[in-house]
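K.L.:
Protein chains: 2
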Amino acid sequence: MSQERLIYLPLGGAGEIGMNAYVYGYGPKNKERLILVDIGVAFSDMESSPGVDLIFADIRWLVENKHRLEAVFITHGHEDHVGAVGHYWERLGVPVFARAFTANLARHKMADRGQPEDMIRTVSAWPKTTKAGPFSVGFLPISHSIPESAGLIIDSPAGRVIHSGDFKLDETPLVGEPFDPELWKDVSKDGVQALICDSTNVFSPHAGRSEASVGPEIEALVSAAPNMVVATTFASNVARVKTLAQAGERAGRSICLMGRAMRRMIEASITTGVLTDFPKVISPEDAASIPRENLMLLVTGSQGEHRAASAQLARGKYNGITLKEGDLFLFSSKTIPGNERGVLRIINQFSEMGVDVVDDSSGKYHVSGHANRPDLQRLHEIVDPVMVVPNHGEHRHLREHSKLAAEGGRESIVAVNGTMLDLTGDKPFVAGYVETGRVYLDGHTQIGALDGIVRDRLRMAMNGHVTVNVLLDEDDEPLGEAWVDLKGLPELGRSNAPVVDVLEADLTQFLGRAGEKTLANDDKLEGELRRIARNTSRDEIGKKPEVTVIISRLS
Amino acid sequence: MSQERLIYLPLGGAGEIGMNAYVYGYGPKNKERLILVDIGVAFSDMESSPGVDLIFADIRWLVENKHRLEAVFITHGHEDHVGAVGHYWERLGVPVFARAFTANLARHKMADRGQPEDMIRTVSAWPKTTKAGPFSVGFLPISHSIPESAGLIIDSPAGRVIHSGDFKLDETPLVGEPFDPELWKDVSKDGVQALICDSTNVFSPHAGRSEASVGPEIEALVSAAPNMVVATTFASNVARVKTLAQAGERAGRSICLMGRAMRRMIEASITTGVLTDFPKVISPEDAASIPRENLMLLVTGSQGEHRAASAQLARGKYNGITLKEGDLFLFSSKTIPGNERGVLRIINQFSEMGVDVVDDSSGKYHVSGHANRPDLQRLHEIVDPVMVVPNHGEHRHLREHSKLAAEGGRESIVAVNGTMLDLTGDKPFVAGYVETGRVYLDGHTQIGALDGIVRDRLRMAMNGHVTVNVLLDEDDEPLGEAWVDLKGLPELGRSNAPVVDVLEADLTQFLGRAGEKTLANDDKLEGELRRIARNTSRDEIGKKPEVTVIISRLS
């Protein structure tokens, strides 16, 4: 038997939704030649990663093995699939292949980070393929909520793997290619070794609806609206933006795009030819002079992002435009879990202004871009692979998807980030584990999620911060009293005196009775001062704050 | 015409869900005698109030007018209606009236805070009434997700007001009194001036379902389960706890309650007689020795609370019990917006253990405790008041509920916290505004939401903290170099040197060139050092941290 093997190794996206990064390899054990599929980001939140700008998969293993890496392939242009390309390219140094629209976005990201745009290579869809070491990779069009999404056909001597990418089975997607079941059947007819398959909507029990189903509903809503209409959706959902714009146009309204992402995405779509027949748009300056009942704004900020157009309109004014009582604001989008508070804040602000808000709760104005449970089953049947490996999902999604595959009589396994699978045989098995994790982009800097930096921030957020300062002379005798400063802590404590005073008194008293050895030893003294500061704080205010101790010595 | 008037003033709960506190008054202007309905809490979150233990309505206005306050009435025992009674009672000093079950919970809260339990007065339901100044107040039973909920009949010389409290229209609630439409019609037949009405579910389009509808579904689920079953719900949803326990008993399982709140609530229910026929329960110790397929645990933590039983089971072990592959965990509850992450964390942890999780997404294992849109309409019709004033809801709920009332031909108005309404005439109007807000319980201490303390914590969480220390001699000359400590900030910056070193160099350089006037002036020197520390940090790591400057002078 051959010693060569086909491996699959998720570094991000398996065990979470976001930061997709999947390695495939073929060759002798530990000498496999590698490709990377997708290199995305995840988003931070106050509960676990305050102050963090973006989250990347930890690709240390891949960087250590970069001499084996042939190329990167990007399935589509969503941030969780392409967002890290500019940040990580330098450490990988191999060509990045994508279809035209995705490549356009990826080049922007390279340029933003000062990376060579020409390392992003545009490739045509299947039957065109790209050679990458032992692999031959083709982009098989599939419908999703962004133009030019593709599944990947990954051929190697161990057979064909199909990597679904994010997808839905939409035969009337309005923008981009429809899902073509015959094409997918055709590429699968000679046998597929493994289907690596999107899991995000496995808990949605009903077959997904087509993008085409929302147009008439939106049109009815917009044409019935008596005043200004504002709508938001993900800017990258170009089909939806077009549907919204057309609904506005048919209702005799001028269309104005607001928000940088919205304009950039429509430009990219027109440039790359994926978007045609987009209604004429007017500038925000012109919009301000048009009667409001003849206007429709398409704005960024469907997730309640603080700086996006929708949030600014909710706070008062954006680009010279103010909403008024009787205007209509449409969320043609769903709220991603974790963003509820931000979205509800905006909705309540609009409510205070008398603006009528319509969201997706009726199911009429939004459809998901992901395959639901019956759609996943259908794709399993069309591709009919030897094995199904669920990817892109939290553990619960992967496990449920794996069960679904097993119900269909197919081999399956749950493999979270860092789990290397051997896909060569008649069922997948775990070939090993590699270290993975998360890397935070924090301002300019990349830091490890477990470096303790964010942990310290969370502790300061929960418990506040105390600075303790003492001054000692040449003989290690305290000079004056201890000095304390508080941040994020109540001023008055249980004894109804300023907490600062109580802390300074306790610390000064300690200095008075501390022995020579303690006073002469920085570590010992710092430890004692910290302990006292924390205990006194606990007694006074019921919290143990973070403490910074500063010992200044005259010498 | 009389100079006397009937006023309504929400201090909490109108403009948010949580911390209910509603004042009613009757008498000459600004001399009205007052009662307070409910005195609840709201819960903190990392995004807006990290480290905060509980949130209360700011009742300063009421405290300033406490000589006019006659009594407090509590509609039911949920935390957002009774949770602040122990914290605030001392500042109000008047008797608190509630039905037996609610009073039992309220007394625990008084005892927890060292307040006199006998100030909680148990009263019977309508037709019994309590006199409070110009008011006569009766507790009219209504169904909700906790026993003995009541609407209040508030009579004054200006007519009858009905304050719905939280409610649903459940004629088979299993525990507690069914909603009795004839009784509500009867008390309304002589005319109701105003209905002050719960708004939380106004966006739910279908009539609410009865508590009785979930029992058979849960029974089917539990009896089909092959291994251990664990279920969670709000402990205070005594009817649901009973339904779960009975389902377990019928499936031949021993029932074990886990979590302090669960045991306390069931005890209170049995003590006050609202709960009968509850299955025999076994202790956690005994549970550990029972075959897992014969066991059903009812546990706290339906909202993913970190320390509750469910989260501890998800992390490994609780009370000697560990879940295993093939066990079933049922969320017989809905996730309150904002708690999604915590709940999903648990679900994924269970998934990793191979535990099958069932939640309310099918609609079979949970029903809401609040009136949906058609139920609100029905109550409007039964009570047929002159005016409807929506309460308990975010602005969007109040506004929608107000529209609904208007559609029914009734006068209505949106009144958020601090809005004093005059309810005396044929429609409500705004009689004035009082200052309101939020008070945070932070450890032992109450702090104002706008005191800047929590703002500082959020800033440290986002941007980290820098301590700067400089030492000056008797002549205001710097002694040695500036010294810097970082918390919650990356170690290396853009120049690839330790950020601490770069900061110390920049600050020391500044000290070398600073003029005498600056060095001699604490405020000036501190300002300059802070500015430099922030700017250098911004250049190095792209963040402007919070800075504490310590200047020590030898004198």
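Residue numbers (the working numbering), protein chains in the order written: chain A, 582 to 1136; chain B, 582 to 1136. Beta carbons: idealized from backbone N, C-alpha and C, even for Gly.
(1) Let me confirm a value: residue 834 of chain A is counted as buried when at least 16 other C-beta atoms fall within 10 Å, else exposed. Which label applies?
(2) Under 7 Å Cβ-Cβ, which residues of chain B neighbour residue 731 of chain A?
(3) If we ignore side chains and look at the alpha-carbon of each, how far apart do residue 732 of chain A and residue 828 of chain A end up?
(4) Going by alpha carbons, who is nearest to residue 771 of chain B out of B/973, B/740, B/1125?
(5) Starting from the C-beta of residue 1056 of chain B, find all residues in its chain whose C-beta is less than 8 Å away, skip the five residues before and the five after it, and write them out in chain order.
(6) Using alpha carbons as the reference points, say which of B/718, B/598, B/659 lies closest to residue 651 of chain B.
(7) Counting beta carbon pairs with one atom in the stretch 761–768 of chain B and one in the stretch 832–847 of chain B, are three or more of them shorter than 8 Å?
(8) Cβ of residue 1092 of chain B within 8 Å of Cβ of residue 1114 of chain B?
(9) For residue 869 of chain A, which residues of its own chain have a beta-carbon under 8 Å away from its beta-carbon, when the five flanking residues on both sides are left out?
(10) Over what stretch of residues does the alpha helix (DSSP H) that includes residue 1105 of chain A continue unbroken?
(11) In whole angstroms, give me the CA-to-CA distance for residue 557 of chain A and residue 676 of chain A.
(12) In the DSSP assignment, what residue or residues form a beta bridge with residue 597 of chain B?
(13) If you run the structure through DSSP and keep just helix, strand and coil, what is residue 913 of chain B?
(14) Please report how far the alpha carbon of residue 756 of chain A lies from the alpha carbon of residue 855 of chain A, in whole angstroms.
(15) By the DSSP assignment, the alpha helix (DSSP H) with residue 662 of chain A in it spans what residues?
(16) Could you check whether residue 1030 of chain B and residue 1038 of chain B sit closer than 8 Å to each other, using their CB atoms as the reference points?
(17) Would you list the residues sitting across from residue 697 of chain A in a DSSP beta bridge?
(18) Starting from the Cα of residue 988 of chain B, find the closest Cα among B/1001, B/1002, B/968 and give me that residue.
(19) How long is the line joining the alpha carbons of residue 995 of chain B and residue 671 of chain A, rounded to whole angstroms?
(20) To be precise: take each residue of the stretch 1043–1056 of chain A, compare its Cβ to all Cβ atoms of chain B, and keep it if any distance is under 7 Å. Which residues remain?
(21) Using CA coordinates, which residue listed in A/692, A/911, A/791, A/844 is at the minimum distance from residue 883 of chain A?
(22) Hey, how far is the Cα of residue 1005 of chain A from the Cα of residue 945 of chain A?
(23) Classify residue 624 of chain B as helix, strand or coil using the three-state DSSP reduction.
(24) Can you give, in chain order, each stretch of the beta strand (DSSP E) that sits fully within the stretch 1023–1077 of chain B and has at least 3 residues?
(25) Residue 782 of chain A by DSSP, collapsed to three states: which one?
(26) If we call anything under 8 Å between Cβ atoms a contact, is residue 898 of chain B one with residue 1129 of chain A?
(27) Check whether the Cβ atoms of residue 840 of chain B and residue 880 of chain B lie closer than 8 Å to each other.
(28) Do the CB positions of residue 663 of chain B and residue 680 of chain B come within less than 8 Å of each other?
(29) If you compare alpha carbons, which of B/1003, B/685, B/1026 is closest to residue 609 of chain B?
(30) From which residue to which residue does the alpha helix (DSSP H) around residue 668 of chain B run?
(31) In whole angstroms, what is the alpha-carbon distance linking residue 714 of chain B and residue 605 of chain B?
(32) Mind listing the chain A neighbours of residue 938 of chain B? Cutoff is C-beta to C-beta under 9 Å, in chain order.
(33) State the beta-bridge partners of residue 729 of chain B as determined by DSSP.
(34) Any beta carbon of chain A sitting closer than 8 Å to that of residue 932 of chain B?
(35) Is the CB-CB distance between residue 658 of chain A and residue 727 of chain A below 8 Å?
(36) Would you call the stretch 782–796 of chain B and the stretch 974–985 of chain B in contact, with 3 or more CB pairs under 8 Å?
P.N.:
Taking the definition as stated:
(1) The residue given as residue 834 of chain A occupies position 253 in the first sequence. Answer is buried; the Cβ neighbour count reaches 16.
(2) Position 150 of the first sequence, counting from 1, holds the residue named residue 731 of chain A. Correct list: empty, because the minimum Cβ distance to chain B is about 29 Å.
(3) The sequence position of residue 732 of chain A within the first sequence is 151, counting from 1. The sequence position of residue 828 of chain A within the first sequence is 247, counting from 1. Between residue 732 of chain A and residue 828 of chain A, the C-alpha separation is close to 31 Å.
(4) Translated into positions along the second sequence, residue 771 of chain B becomes position 190. When only C-alpha atoms are compared, the closest one is B/740.
(5) One-based indexing of the second sequence puts residue 1056 of chain B at position 475. The answer is none, since no qualifying residue turns up.
(6) As a working mapping, residue 651 of chain B is identified with position 70 in the second sequence. Per the Cα distances, B/718.
(7) no
(8) One-based indexing of the second sequence puts residue 1092 of chain B at position 511. One-based indexing of the second sequence puts residue 1114 of chain B at position 533. No, these two residues do not count as a Cβ contact at 8 Å.
(9) Translated into positions along the first sequence, residue 869 of chain A becomes position 288. Closer than 8 Å at Cβ, skipping near neighbours: 900, 901, 902.
(10) Mapped onto the first sequence, residue 1105 of chain A falls at position 524. From DSSP, the alpha helix (DSSP H) with residue 1105 of chain A extends over 1103–1122.
(11) In the structure as shown, chain A starts at 582 and stops at 1136, and residue 557 of chain A therefore has no counterpart that could be examined.
(12) Reading the second sequence from its first residue, position 16 is the one you call residue 597 of chain B. Bridge partners of residue 597 of chain B: B/974.
(13) Position 332 of the second sequence, counted from the first residue, corresponds to residue 913 of chain B. Coil at residue 913 of chain B, not helix or strand.
(14) By 1-based counting over the first sequence, the position of residue 756 of chain A is 175. By 1-based counting over the first sequence, the position of residue 855 of chain A is 274. Rounded to the nearest angstrom, the two C-alpha atoms are 7 Å apart.
(15) Reading the first sequence from its first residue, position 81 is the one you call residue 662 of chain A. Its alpha helix (DSSP H) spans residues 660–663.
(16) Here residue 1038 of chain B refers to the residue found at position 457 of the second sequence. Here residue 1030 of chain B refers to the residue found at position 449 of the second sequence. Their beta carbons are not under 8 Å apart, which means residue 1038 of chain B does not touch residue 1030 of chain B by this criterion.
(17) Walking along the first sequence from the start, residue 697 of chain A turns up at place 116. Note: residue 697 of chain A sits in no beta bridge, so no partner.
(18) Here residue 988 of chain B is taken as the residue at index 407 of the second sequence, counted from 1. Measuring from the Cα of residue 988 of chain B, the nearest candidate turns out to be B/968.
(19) Along the second sequence, one-based indexing puts residue 995 of chain B at 414. Along the first sequence, one-based indexing puts residue 671 of chain A at 90. Rounded to whole angstroms, residue 995 of chain B to residue 671 of chain A spans 57 Å at the Cα level.
(20) 1043, 1044, 1045, 1046, 1048, 1050, 1052
(21) Mapped onto the first sequence, residue 883 of chain A falls at position 302. Answer by Cα proximity: A/911.
(22) In the first sequence, counting from the first residue as 1, residue 1005 of chain A sits at position 424. In the first sequence, counting from the first residue as 1, residue 945 of chain A sits at position 364. So the alpha carbons of these two residues sit roughly 45 Å apart.
(23) Working through the second sequence from its first residue, we reach residue 624 of chain B at position 43. Note: residue 624 of chain B maps to coil in three-state DSSP.
(24) 1026–1029, 1046–1053, 1064–1068
(25) Counting from one through the first sequence, the residue named residue 782 of chain A turns up at place 201. Reduced to three states, the DSSP call for residue 782 of chain A is coil.
(26) Along the second sequence, read from residue 1 onward, the residue named residue 898 of chain B stands at position 317. Along the first sequence, read from residue 1 onward, the residue named residue 1129 of chain A stands at position 548. Their beta carbons are not under 8 Å apart, which means residue 898 of chain B does not touch residue 1129 of chain A by this criterion.
(27) Reading the second sequence from its first residue, position 259 is the one you call residue 840 of chain B. Reading the second sequence from its first residue, position 299 is the one you call residue 880 of chain B. A contact, by the Cβ cut-off of 8 Å.
(28) Position 82 of the second sequence, counting from 1, holds the residue named residue 663 of chain B. Position 99 of the second sequence, counting from 1, holds the residue named residue 680 of chain B. Cβ distance not < 8 Å, so residue 663 of chain B and residue 680 of chain B don't count as in contact.
(29) As a working mapping, residue 609 of chain B is identified with position 28 in the second sequence. Residue B/1003 is the option with its Cα nearest to residue 609 of chain B.
(30) Position 87 of the second sequence, counted from the first residue, corresponds to residue 668 of chain B. Residues 666–673.
(31) Within the second sequence, the letter at position 133 stands for residue 714 of chain B. Within the second sequence, the letter at position 24 stands for residue 605 of chain B. Computed Cα separation, rounded: 11 Å.
(32) Residue mapping note: residue 938 of chain B aligns to position 357 of the second sequence, counting from 1. Correct list: 977.
(33) Taking the second sequence and counting its residues from 1, one reaches residue 729 of chain B at position 148. Answer by DSSP bridge pairing: none, since residue 729 of chain B is not bridged.
(34) Taking the first residue of the second sequence as 1, we reach residue 932 of chain B at position 351. So, interface residue.
(35) Position 77 of the first sequence, counted from the first residue, corresponds to residue 658 of chain A. Position 146 of the first sequence, counted from the first residue, corresponds to residue 727 of chain A. Cβ atoms of residue 658 of chain A and residue 727 of chain A: closer than 8 Å.
(36) yes
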